[in-house]
Amino acid sequence: MSEDDDRSPPLDLRGADIAESSSKTRNCSGVTGFVAGPGPSTMEFQAPYPDQVLENVLENVLQFLSTRRDRNAASLVCKSWCRVEALTRSELFIGNCYSVSPQRATARFARVQAVAIKGRPRFADFNLLPPGWGAHFAPWVIAMAKAYPWLEKVYLKRMSVSNDDLARLAESFPSFKELVLVCCEGFGTNGLAAVASKCRLLRVLDLIESEVSGGELDWIASFPESGASCLESLIFDCVEWPINFEALERLVVRSPSLKKLRLNRFVSIGQLYRLMVRAPQLTHIGTGSFSAPEGVAQDDPEPDYTAAFAACKSYANINAEQLKSVILHCHKLQTFWVLDSICDEGLQAVAATCKDLRELRVFPIDAQENTEGPVSEVGLRAISEGCRKLQSILYFCQHMTNEAVITMSNNCPDLEVFRLCIMGRHRPDHVTREPMDEGFGAIVRNCKKLTRLAVSGLLTDRAFNYIGKYGKLVRTLSVAFAGDSDMGLKYVLEGCPRLQKLEIRDSPFGDAALLSGLHHYYNMRFLWMSSCSLSPQGCQEIARALPRLVVETIKDENEERVDDTVGTLYMYRSLEGPRDDAPGFVTILQ
Amino acid sequence: MDGTLGLLGGGGGGGGGGSSGASTNESTVSKVEVLEQDFVGMSSEATSYPAEAELELGLGLSLGGGAAVKAKPCTWGERGRILTAKDFPSVVSHGSSVPSRFTDRATAASVGPVSGTKRAADSVSQEGGSPTAVSQVVGWPPIRAYRMNSLVNQAKSQRAEEDKMIGEKDKSRDASKKKIYTKADLTAKEKCHLGFVKVNMDGVPIGRKVDLNAHSCYETLAQMLEDMFFRSTTTVSSIGSGGEKEQSTKASGSKLLDGSSEFVLTYEDKEGDWMLVGDVPWGMFLTSVKRLRIMRTSEANGLGPRFQERNDRQRSKPI
Numbered sequence: 000m001s002e003d004d005d006r007s008p009p010l011d012l013r014g015a016d017i018a019e020s021s022s023k024t025r026n027c028s029g030v031t032g033f034v035a036g037p038g039p040s041t042m043e044f045q046a047p048y049p050d051q052v053l054e055n056v057l058e059n060v061l062q063f064l065s066t067r068r069d070r071n072a073a074s075l076v077c078k079s080w081c082r083v084e085a086l087t088r089s090e091l092f093i094g095n096c097y098s099v100s101p102q103r104a105t106a107r108f109a110r111v112q113a114v115a116i117k118g119r120p121r122f123a124d125f126n127l128l129p130p131g132w133g134a135h136f137a138p139w140v141i142a143m144a145k146a147y148p149w150l151e152k153v154y155l156k157r158m159s160v161s162n163d164d165l166a167r168l169a170e171s172f173p174s175f176k177e178l179v180l181v182c183c184e185g186f187g188t189n190g191l192a193a194v195a196s197k198c199r200l201l202r203v204l205d206l207i208e209s210e211v212s213g214g215e216l217d218w219i220a221s222f223p224e225s226g227a228s229c230l231e232s233l234i235f236d237c238v239e240w241p242i243n244f245e246a247l248e249r250l251v252v253r254s255p256s257l258k259k260l261r262l263n264r265f266v267s268i269g270q271l272y273r274l275m276v277r278a279p280q281l282t283h284i285g286t287g288s289f290s291a292p293e294g295v296a297q298d299d300p301e302p303d304y305t306a307a308f309a310a311c312k313s314y315a316n317i318n319a320e321q322l323k324s325v326i327l328h329c330h331k332l333q334t335f336w337v338l339d340s341i342c343d344e345g346l347q348a349v350a351a352t353c354k355d356l357r358e359l360r361v362f363p364i365d366a367q368e369n370t371e372g373p374v375s376e377v378g379l380r381a382i383s384e385g386c387r388k389l390q391s392i393l394y395f396c397q398h399m400t401n402e403a404v405i406t407m408s409n410n411c412p413d414l415e416v417f418r419l420c421i422m423g424r425h426r427p428d429h430v431t432r433e434p435m436d437e438g439f440g441a442i443v444r445n446c447k448k449l450t451r452l453a454v455s456g457l458l459t460d461r462a463f464n465y466i467g468k469y470g471k472l473v474r475t476l477s478v479a480f481a482g483d484s485d486m487g488l489k490y491v492l493e494g495c496p497r498l499q500k501l502e503i504r505d506s507p508f509g510d511a512a513l514l515s516g517l518h519h520y521y522n523m524r525f526l527w528m529s530s531c532s533l534s535p536q537g538c539q540e541i542a543r544a545l546p547r548l549v550v551e552t553i554k555d556e557n558e559e560r561v562d563d564t565v566g567t568l569y570m571y572r573s574l575e576g577p578r579d580d581a582p583g584f585v586t587i588l589q
Numbered sequence: 000m001d002g003t004l005g006l007l008g009g010g011g012g013g014g015g016g017g018s019s020g021a022s023t024n025e026s027t028v029s030k031v032e033v034l035e036q037d038f039v040g041m042s043s044e045a046t047s048y049p050a051e052a053e054l055e056l057g058l059g060l061s062l063g064g065g066a067a068v069k070a071k072p073c074t075w076g077e078r079g080r081i082l083t084a085k086d087f088p089s090v091v092s093h094g095s096s097v098p099s100r101f102t103d104r105a106t107a108a109s110v111g112p113v114s115g116t117k118r119a120a121d122s123v124s125q126e127g128g129s130p131t132a133v134s135q136v137v138g139w140p141p142i143r144a145y146r147m148n149s150l151v152n153q154a155k156s157q158r159a160e161e162d163k164m165i166g167e168k169d170k171s172r173d174a175s176k177k178k179i180y181t182k183a184d185l186t187a188k189e190k191c192h193l194g195f196v197k198v199n200m201d202g203v204p205i206g207r208k209v210d211l212n213a214h215s216c217y218e219t220l221a222q223m224l225e226d227m228f229f230r231s232t233t234t235v236s237s238i239g240s241g242g243e244k245e246q247s248t249k250a251s252g253s254k255l256l257d258g259s260s261e262f263v264l265t266y267e268d269k270e271g272d273w274m275l276v277g278d279v280p281w282g283m284f285l286t287s288v289k290r291l292r293i294m295r296t297s298e299a300n301g302l303g304p305r306f307q308e309r310n311d312r313q314r315s316k317p318i
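Chains as they are written, first to last, in numbering that gives the first Met the number 0: chain D, 0 to 589; chain U, 0 to 318.
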């Protein structure tokens, strides 16, 4: 998912897989110059005409295109290229499940082996979208069962998946290998049992931050008991139900390829240790809700286990002292997700050791708007000075200064993702009392590779002016409680040509600002604006001006608005027009 | 108090003047001051807002406070008074719909989104030792409910893990499995398991565990707890207490025991009653203690009768 700025998805169709799939393609479509048939004996020879030669050449060439951006570009050249590209695309990515219907997608791309579909808008994660909004996997799995019997991989994010969907998936795809569900809900352990028992070639079963309901079936015990299993990755730390540990142990023992294992909190440390001993080939291991730092595995096993073990054991409580003893070994650490209980001191230790750090996420133990917090600009500055190769950062804090952010912008030129969440809303630089405009301005100005930005703290329209002026590569922007006027949003909509995903909440942007983006909305995946200053009339105007845009206004049924400002606007381009599964609280404007 | 805006009440507020022209820094700062005064004024009046009782917010993500979220006052002790248009005197004159928006935002914020609350309630279960306050705004800070849950569940799972360990001790005696437990820590922990009790402190989301077997009297236990929870302002303990800085108490003698601290040490006994630590002989204490709690002195009045849920306590807690 090269375009995707989320955490690296598991689909990895490079090189060998592409060649493999393309050879399948060629077999399916027949040998050059022959009319396609079920077997060589029934073929008749026809001299290949020039277009067909070209298509065959194209097919051979296009098979090497792996990124979807390249493929999208190739498909725009002409109809011939479009057709051939469609035949050779084996990895289908649907960024918004409502932008295209399953029928249309499967009709165009005939030989897909791996599908990734995203559903709900991200702010749904923070309870800003009432439940039942949509994003159902059902129509997709039904269409794919018909169109792609050879399907191997499914990656879903923020979709509603039912047990029936999982059962259908398990039964429809005999070659099925990888299932990754991120932030999904609607299914339970019975659905997992279906997948475990029927998908004999299953390599990856990753459940990440999904809501899994209970069921009477023992899903771990549903994996086939005999013979070696192909499992390479099993992640279920989000499953809030006890599991059959003996069955898990047996599964681990007969899974020689198992590399990644993330268990839930119902597996004790002792049990985890037992598994680690039985499966020395594990590279990623974790328990509870936070896993051990990944990437540690490159070191030799002994300190690796110590680090992983110690980190797992006291993750929630880990303070700077505890971290220091562990982090000393982690020179090669590239990805580090941690709670802010390690404090600025802990971050300084990280900065001192982890010179190769690429991604850092610091989450708050106490997610409230307090005046004090354990991490601050001190930690951020330290990280910027120590971890020069930093590419992605998500940092929750109570206080920040422009100076530290500017320092980071200068020290970390490789930054692609900068998400700073100052938890106190509208909070200025706590030293100078100025807005945080200059800090974020420096980030967009100095970090030339920046594609994703989340802003916070006290911000005036000036910050957005900077973003519009310098954030030319920004694709995803998250704004909350910021800005002064319509100008803020205008700067961004007029200035950021690559903007694809814009999510805004509680900011004073109104209809005029919304109108200023008309030229750009077809280039975007979506725009989300909640608790801003939009009116139904303003949104209506957009809907009328752009027929291929689906403009949803969402009313929170428990919210009573005296005036008629729009609660939430969610709009996205679509080839299908208004969806037919919208619940009552969604109004689609036309 | 820094010029933090929008700490109370629903969303909106802050620099959102909604003026059509670009606002300068000056005007923003002056708005900040205006609002700051309002905040200061409000905090002292917070207790006298009975009429606004129905405007309880308590929305969004809370660590363990889901169900009774509505009733919880926030850490600074105010009862979520909602900002209304009259709090933004400089804004009213503008022709835009902003002033009314703020009013509505206020009203809106007061009523719901209850669905947000509901989800928080569904996903976040009650947990003893969770913080006393709740984020006032739905979905802010932007942490997935799942992740918030997991922090609560971390605390829960530690307890579950202890229970599991008891069961496993028997299984682990099998000869074939013995060598797995060569790691000294693990064995030691399992053996001394029964000496570990959880300690929670009011206002601190994450609890700790102490090994009671390592102590022979109340003094050393109390001293250790003081070191653990009161050591420095950057420890977890200071975060949840709403900004009040804990004074690091290094005085000899335990303040927790002699009643001179803001906090008292209490324990839950086998019958489920909460008692003050120090009343009974140490040996008797060891046999009856189930878990410890460092409680605010203000809450510890009349300790003895059973304390039910934290909700009840907080509803009656004077601010």
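Here a beta-carbon is modelled for each residue, glycine too, at the ideal position from N, C-alpha and C.
Open item on the list: When you compare the CB of A144/U with every CB in chain D, is at least one pair closer than 8 angstroms?
Closed with: The residue you call residue 144/U lines up with position 145 of the second sequence. Judged by the 8 angstroms Cβ criterion, A144/U is in contact with chain D.
Task: Residue ranges of each beta strand (DSSP E) within the region 89-160 of chain D, 3 or longer - done: 90-93, 113-117 and 152-156
Open item on the list: List, in chain order, every chain D residue whose beta-carbon is nearer than 7 angstroms to that of V137/U.
Closed with: Residue numbering aside, residue 137/U sits at position 138 when the second sequence is read from its first letter. Result: N126 and L127.
Task: DSSP state of D205/D mapped onto helix, strand, coil - done: In the first sequence, residue 205/D corresponds to position 206, counting from 1. Strand, per DSSP.
Open item on the list: Whole angstroms are fine: how far does the CA of I242/D sit from the CA of K471/D?
Closed with: Walking along the first sequence from the start, residue 471/D turns up at place 472. Walking along the first sequence from the start, residue 242/D turns up at place 243. Approximately 49 angstroms, taken between the alpha carbons.
Open item on the list: Alpha carbons only, please: which of L256/U, Y217/U, D226/U and T286/U is nearest the one belonging to A299/U?
Closed with: Within the second sequence, numbered from 1, the residue matching residue 299/U stands at position 300. The option with the nearest alpha carbon to A299/U is L256/U.
Task: Limits of the alpha helix (DSSP H) - the one that D163/D falls within - done: Mapped onto the first sequence, residue 163/D falls at position 164. Note, D163/D: alpha helix (DSSP H), N162 to S171.
- [ ] Mind listing the chain D neighbours of P204/U? Cutoff is C-beta to C-beta under 8 angstroms, in chain order.
- [x] As a working mapping, residue 204/U is identified with position 205 in the second sequence. Here the neighbours are I364 and D365.
TODO: Return helix, strand or coil for V478/D, following the three-state DSSP convention.
DONE: As a first step, residue 478/D is located in the first sequence; it is residue number 479 there, counting from the start. Three-state result, V478/D: strand.
Task: Neighbouring residues, chain U, relative to C538/D (Cβ below 8 angstroms) - done: For the purposes of this step, residue 538/D is identified with residue 539 of the first sequence, where counting begins at 1. Going along chain U, no residue has its Cβ under 8 angstroms from C538/D, so there is no contact; the nearest lies around 14 angstroms.
- [ ] Give the DSSP-derived three-state secondary structure of M523/D in the structure shown.
- [x] Here the question's residue 523/D lines up with position 524 in the first sequence. In this structure, M523/D counts as coil in the three-state DSSP scheme.
TODO: Just tell me which of C183/D, T400/D and S98/D has its CA closest to the CA of E210/D.
DONE: The count along the first sequence starts at 1 and reaches residue 210/D at position 211. Checking every option, the nearest Cα to that of E210/D belongs to C183/D.
Open item on the list: Using 8 angstroms as the threshold, is the C-beta distance between R497/D and R474/D below it?
Closed with: Taking the first residue of the first sequence as 1, we reach residue 497/D at position 498. Taking the first residue of the first sequence as 1, we reach residue 474/D at position 475. In this structure, R474/D lies closer than 8 angstroms to R497/D by Cβ.
- [ ] Return no unless some Cβ of chain D is closer than 8 angstroms to the Cβ of P280/U.
- [x] Taking the first residue of the second sequence as position 1, residue 280/U is located at position 281. So, not an interface residue.
Open item on the list: Rounded to whole angstroms, what is the Cα-Cα separation between V56/D and F584/D?
Closed with: The residue you call residue 56/D lines up with position 57 of the first sequence. The residue you call residue 584/D lines up with position 585 of the first sequence. Approximately 51 angstroms between the Cα atoms of the pair.
Task: E84/D, DSSP secondary structure in three states - done: For the purposes of this step, residue 84/D is identified with residue 85 of the first sequence, where counting begins at 1. In this structure, E84/D counts as helix in the three-state DSSP scheme.
Task: Under 7 angstroms by beta carbon: chain U residues contacting M422/D - done: For the purposes of this step, residue 422/D is taken as residue 423 along the first sequence, with counting starting at 1. Here the neighbours are P140.
Open item on the list: Strictly under 8 angstroms for the Cβ-Cβ distance: is A134/D near chain U by that measure?
Closed with: Mapped onto the first sequence, residue 134/D falls at position 135. Closer than 8 angstroms: no.
Open item on the list: Closest to Y520/D by C-alpha separation, out of G487/D, C538/D, C531/D and S534/D, would be which residue?
Closed with: Stepping through the first sequence from its first residue, residue 520/D is reached at position 521. Out of G487/D, C538/D, C531/D and S534/D, C538/D has the C-alpha closest to the C-alpha of Y520/D.
- [ ] Identify, in the order they occur along the chain, each residue of the same chain with its Cβ nearer than 7 angstroms to the Cβ of A73/D, setting aside the five sequence neighbours on each side.
- [x] Within the first sequence, numbered from 1, the residue matching residue 73/D stands at position 74. The residues are L61, L64, W80 and E84.
Open item on the list: With a threshold of 8 angstroms between beta-carbons, can A512/D be considered close to chain U, or not?
Closed with: Counting from one through the first sequence, the residue named residue 512/D turns up at place 513. No - not a single Cβ of chain U is within 8 angstroms of the one on A512/D.
Open item on the list: Is F122/D close to chain U? Criterion is C-beta to C-beta, closer than 8 angstroms.
Closed with: Here residue 122/D refers to the residue found at position 123 of the first sequence. It does; some Cβ of chain U falls within 8 angstroms.
TODO: Please list the partners that A441/D has in chain U, where partner means a Cβ-to-Cβ separation under 8 angstroms.
DONE: Taking the first residue of the first sequence as 1, we reach residue 441/D at position 442. Simply none; closest approach about 17 angstroms.
TODO: Return the CA-CA distance between S161/D and V194/D, expressed in angstroms with no decimal places.
DONE: As a working mapping, residue 161/D is identified with position 162 in the first sequence. As a working mapping, residue 194/D is identified with position 195 in the first sequence. Their backbone Cα atoms lie some 12 angstroms apart in a straight line.
TODO: If I'm right that G482/D touches S506/D with Cβ under 8 angstroms, what's the distance once you round it to whole angstroms?
DONE: Translated into the one-based positions of the first sequence, residue 482/D becomes position 483. Translated into the one-based positions of the first sequence, residue 506/D becomes position 507. That belief holds up - the Cβ atoms of G482/D and S506/D are roughly 5 angstroms apart, short of 8 angstroms.
TODO: Give a yes or no on whether the C-beta atoms belonging to C229/D and S196/D are separated by under 8 angstroms.
DONE: Translated into positions along the first sequence, residue 229/D becomes position 230. Translated into positions along the first sequence, residue 196/D becomes position 197. Taking 8 angstroms as the Cβ cut-off, C229/D and S196/D do not qualify as a contacting pair.
TODO: Give the single residue among R290/U, D278/U and R295/U whose Cα lies nearest to the Cα of E218/U.
DONE: On the second sequence, residue 218/U is found 219 positions in, with the first residue counted as 1. Of R290/U, D278/U and R295/U, the residue nearest in Cα terms is D278/U.
Open item on the list: So if I threshold CB-CB distances at 7 angstroms, which residues from the region 206-223 of chain D count as touching chain U?
Closed with: E208
Task: Sequence-distant residues of its chain with Cβ nearer than 8 angstroms to S215/U (five each side left out) - done: As a position in the second sequence, residue 215/U is number 216, starting the count at 1. Hits under 8 angstroms: W281.
TODO: Work out the CA separation of M570/D and S530/D for me, nearest whole Å.
DONE: Reading the first sequence from its first residue, position 531 is the one you call residue 530/D. Reading the first sequence from its first residue, position 571 is the one you call residue 570/D. Roughly 15 angstroms separates the two Cα atoms.
Task: Extent of the continuous alpha helix (DSSP H) run through C420/D - done: The residue labelled residue 420/D in the question sits at position 421 within the first sequence. Unbroken run through C420/D is the beta strand (DSSP E), V416 to I421; no alpha helix (DSSP H).
Open item on the list: I need the straight-line Cα distance from E54/D to K78/D, nearest angstrom please.
Closed with: Within the first sequence, the letter at position 55 stands for residue 54/D. Within the first sequence, the letter at position 79 stands for residue 78/D. Looking at the two C-alpha atoms, the distance is approximately 11 angstroms.
Open item on the list: Does chain U have any CB closer than 8 angstroms to the CB of S290/D?
Closed with: Within the first sequence, numbered from 1, the residue matching residue 290/D stands at position 291. With a pLDDT of only 37 at S290/D, under 50, the local geometry of the prediction cannot be trusted, and no value is derived from it.
Task: Straight-line Cα distance separating K269/U from L220/U - done: Taking the first residue of the second sequence as position 1, residue 220/U is located at position 221. Taking the first residue of the second sequence as position 1, residue 269/U is located at position 270. Each residue's alpha carbon lies about 19 angstroms from the other.
- [ ] Over the uninterrupted beta strand (DSSP E) stretch that includes R572/D, give me the two end residues.
- [x] On the first sequence, residue 572/D is found 573 positions in, with the first residue counted as 1. Unbroken beta strand (DSSP E) run through R572/D: T567 to R572.
Task: A441/D beta carbon less than 8 angstroms from that of V591/D - done: Nothing about residue 591/D can be read from this structure; chain D reaches only from 0 to 589.
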